[in-house]
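What follows is one structure encoded as structure tokens, with my remarks underneath.
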Amino acid sequence: MTTLALQRAEAPASANAGDQPFRTATGGLIDRNRPRDFTFDGRRLTGCHGDTLASALLANGVRLVGRSFKYHRPRGILSAGSEEPNALVELRSGARREPNTRATMAELYEGLEATSQNRWPSLAVDALSVNALLSPVFAAGFYYKTFMWPAGFWEKVYEPMIRRAAGLGRAADAPDPDTYDHAHAHCDVLVIGGGPAGLSAALAAGRSGARVILVDEDFATGGRLLAERREIGGASGVDWAARAVAELESLPEVRILSRTTLFGVYDHGAYGAVERVSDHLAVPAAHTPRQRLWRIVARRAVLAAGAIERPHVFGGNDRPGVMLAGAVRTYLNRYGVMPGRRLAVFTSSDDGWRTAADILATGGGLAAVIDTRTTVPPHLRRMAEAAGARVVAGGYVAGTKGHLGLSAIQVVDGDNSTETIACDGLAMANGWNPVVHLDSHLSRRPVWDAAIHAFVPGTLPSGMQAAGAAAGRFTLAECLETGARAGAEAAADCGFTASAEAAPPTDPESVDHTPLWRVPKPKGKAFVDFQNDVAASDVELAHREGFRAVELLKRYTTLGMATDQGKTSNLAGLSIMAELTGKDIPSVGTTVFRPPFTPVAIGAFAGHHRGKEFRATRHVPSHAWAEENGAVFVETGLWLRPAYFPRAGETDWLDTVVREVETVRARVGICDVTTLGKIDIQGRDALAFIERVCANPFATLPVGKARYAVLLREDGFILDDGTIARMGETHYVMTASTANAARVMQHLEFCRQWLWPELDVQLASVSEQWAQYAVAGPRARDTLRRIVDPGFDLSNEAFPFLACADVTVGGIPARLFRISFSGELAYELAVPAAYGDAAWRAIMQAGLPYGITAYGSEALSVMRIEKGHAAGAEINGQTTARDLGLGGMLAKKKDYIGRLMKERPALVDPDRPILVGFRPVDPSARLRAGAHFLSLDAAPSLEADEGVMTSVAYSPSLKSWIGIGLIRRGPERHGERVRAYDPVRGAEIEVEICSPVFVDPKEEKLRV
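First residue of the sequence shown? That's 605 in this note's numbering, and the numbers climb one at a time after it.
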């Protein structure tokens, strides 16, 4: 054990001691000349520039900052970093309110608003603290054993009560006014952590010319060097860190991302990080995001994320005023804050004596040092006792006293005698755990290092190596040495000439420790997991009830779950289970750590993709013309599509739709069908690919012809329908429905890349590259003859139904398909999207002599229902080709996706609902989609339900409402009457079952 200077600092009183009574007279890295006003629970307080919210609260004597999750016990600040389990607060107000923010990570700014959470009516007087008295009821797994009786109480009493009590903070009620950004970066070497190891690694790699990114979660780079009174090369650790940062900033290929937490390690050298760009400001600057999510791809990575100090497990160890010893040094040395008037140190390591030294060096009162080890060097005992401190060797803290904060500790000495020592702060030093979370994200487990009594990284992800405390090397000299070596090796692996320079000398230190996992006889509840209110007794209960496997222990007790991920609690819980099972800790094992390392705002993941930027509105190429002509639009999938084009004198939408349908049926109309998915399929094996994904045959499809296509899922249900046109020997164009375009493309890519990667076929989604217009009606051919360039014969003989060809329009390459969704003579003309608006206007001009009209999706839907065509309401993921009357067109002599599964007994059951048409017995009655079919004399019930009306429309051709739907044994029941029962809208209409094809059943019109 190294000799430490234990002496009281003599310094003049601080100028702002009255405002901040626990601010030290001098010292710290804060700017005392730049005060920062803030509020906590409405109380106005003052801190300094460079403070965190936690340090500012402590400077003002605020120790009670929250209530525990389950028992609502008073909780104070435990740590000084992102591992903080207790000090979770709400920041800001209104639309920017943010719950569950760690006060230890919240950078203080002018006007900061902070509110405690999980309490009512106030933090000091919390009604739900009665839960602490009911702790025997709320033990581990209580939710599996309670709220069972009486059964009727669950919905009326238990569930509402639990929902009101659940959660910690409150999310904002209004939309977040801030923006979030996404960024991508590539580098040779990624350094994770800005402490001494991380800085050394970045310097070694950066000096070689490698592209280096240093990621550090703190707003000041330096790690523990900012919190300790250390020397490097004859200078202070703080000065060394400042020089290192300055040099890194001068290197052209080095980028330092401060205020940035690396939260996840992913495959192929990818890493996720979130940068808190403006969290230290009340309102982000103009055009500046609140946070930025980084996707970093690195060839090599150095993990220098440091270590987390372990607490002791003893009675009342969660009382406000009980802190980690390293955190006490951080508040003393970095923030100039004394966490209490009279502090005690409970240590199982040499590190605790360093805390005692710093307390005295900064002018604090030291009440006692309790060392669980039996031997304390005499010079340390004499020096501590000279400062008025009680020294207890071979003892432990059994319990604590105090109401809303610590007032005394109960100490058991080596002779098992108990004494009470007055103090208002207690520093726990029980050793350190390397941060193994990040290196474990790819399902790798850490390994036990008996020398340091902790888990260390095992098999690291490819391209990653650990350095410094993250690798279990805790001394400052080891951090500098291993960091420099790791940085140089990483750069060398990337092809750069790099060498690790000799580490500068450091002041001597000792890191010896003998951990005490829990005290023998705690007085009161001894907590293992502060965030989830898991006590040592809960681990004992899990053991008694058989939940001894580490993953079961975690889930039964909630130990190490949620945002904490076991940072301060995991090893303590494992050690207790090891003790109870008679095993050593590595035999008990450890749980799997998952990203994110610390919580990440959902807004950061979303970035700009929210509102319209999440689902950006796509305009069809004719949108400008449609707006000019007063179109009413509807969202269809991702598109904003004209629904109908009203004219003066038309009283409602139905008048307009009737006019549009009648015009198409009698003359000619044009509809923008660009929204249909368009997939270009090319390659030597294109036909073989299509034959496998489509249920109907395509081997006989000649060049220059198109065919209706049905795609099945693997379970035999219809995925989508569309058309496939053969443009060349190895070139096909597939269309898909608007709603399913992306899903079909995804399905085809899955088949190409995973099922049949050996096929020579390539796919490209060209939906946005081509503007496509349906020109339909008896005068459609006449209209197009005035558009398509001379030389292309559009006669019925030369270009029959289902023909396709490459054409030109005004010299522009185009494609023409003779296909019809309306049942009329119809074509679809596709032109490059850039010419879409011009082509639309040209077609409208060409059709003027024939009375052309634009028609929208409503008229298109009417005409498809008149023709009995299935669409989204029928192809809903629950229907088969047989259900829709398409069973006869499926191939009999080839294999394809869904072939076997479509023959399952339930899918070929004769009683299965089949698509048919429906017309009301009373022609004036209006049909409603969603109505269920019942026999005329059946009472409404699930058993009597025979099917459902899927689509309805008013038919201008029949002058009445019509519908199509699915009903049991439909094709066999033409002419039969049933009831269309609609309890939601209170309607019941008698309908007659008929053919789903209401207009031109012989298909004479579309073939003229």
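Note that CB positions come from ideal geometry on N, CA and C, so glycine has one too.
Got a sec, what are the start and stop residues for the beta strand (DSSP E) residue i sits in?
i, result
"A948", "946-951"
"D1276", "1273-1276"
"C791", "784-796"
"D871", "Note, D871: premise wrong, no beta strand (DSSP E); not H, not E."
"A1418", "1416-1421"
"M1505", "M1505 -> no beta strand (DSSP E), and no H or E assigned at all."
"I1322", "1322-1332"
"P1369", "The sequence shown places Ser at residue 1369, not Pro. Taken as a continuous stretch (DSSP letters only), the beta strand (DSSP E) holding S1369 covers 1366-1369."
Run through the DSSP bridge pairs and tell me what residue i is partnered with.
i, result
"F644", "R647, A718"
"K1613", "No information on residue 1613 is available, as it lies outside the stretch 605 to 1612 that the chain covers here."
"M1032", "L928, F950"
"M1553", "G1569"
"N1037", "I912"
"K1282", "T1339"
"T979", "T979 is not bridged to any residue."
"G1215", "None, per the DSSP bridge assignment."
"A1458", "I1274"
"S1559", "S1564"
"E879", "T864, R896"
"E711", "T656"
"R679", "G670"
Cβ atoms of residue j and residue i: under 8 Å apart, would you say?
i, j, result
"P1560", "V1262", "yes"
"P639", "T650", "yes"
"R1422", "L1433", "no"
"I796", "L861", "no"
"L947", "L970", "yes"
"S1173", "G1164", "yes"
"L1540", "R1581", "yes"
"R1057", "F1201", "The sequence as given places His at residue 1057; Arg does not occur at that position. The answer is no: Cβ separation not under 8 Å."
"P1382", "E1428", "yes"
"V1601", "G1472", "yes"
"G1009", "R923", "yes"
"V1297", "A1375", "no"
"M1349", "S1369", "yes"
"G827", "P800", "yes"
Would you give the residue range spanned by the alpha helix (DSSP H) that residue i belongs to?
i, result
"D1259", "1257-1270"
"E821", "Counting along the chain, E821 falls outside any alpha helix (DSSP H), and DSSP gives it neither H nor E."
"P800", "800-810"
"S1179", "1174-1185"
"D843", "841-854"
"R896", "Per DSSP, R896 belongs to no alpha helix (DSSP H); it is in the beta strand (DSSP E), 895-907."
Does DSSP classify residue i as helix, strand or coil?
i, result
"N735", "helix"
"Q624", "coil"
"I1447", "helix"
"W1243", "strand"
"H916", "coil"
"P616", "With a pLDDT of only 37 at P616, under the threshold of 50, the placement of this residue in the model should not be trusted; the figure read from the coordinates follows. Residue state, collapsed to three classes: coil."
"K1005", "strand"
"L885", "coil"
"N1233", "coil"
"D1499", "coil"
"H1351", "helix"
"Y762", "helix"
"P754", "coil"
"G1067", "coil"
"V1297", "helix"
"T606", "Reliability of the predicted coordinates at T606 is poor, the pLDDT of 36 falling under 50, and the value obtained from them is presented with this limitation in mind. T606: coil per DSSP, three-state reduction."
For residue i and residue j, which I take to be in contact (beta-carbon distance under 8 Å), what is that distance rounded to the nearest angstrom?
i, j, result
"K1282", "S1226", "K1282 to S1226, Cβ: 16 Å. No contact."
"L885", "Y713", "6 Å"
"A1474", "L1519", "7 Å"
"V1016", "A997", "Their Cβ separation, rounded to whole angstroms, is 12 Å, which puts V1016 and A997 out of contact at 8 Å."
"A1557", "V1466", "4 Å"
"L1156", "G1177", "The Cβ separation is near 12 Å, so there is no contact."
"A1104", "A808", "5 Å"
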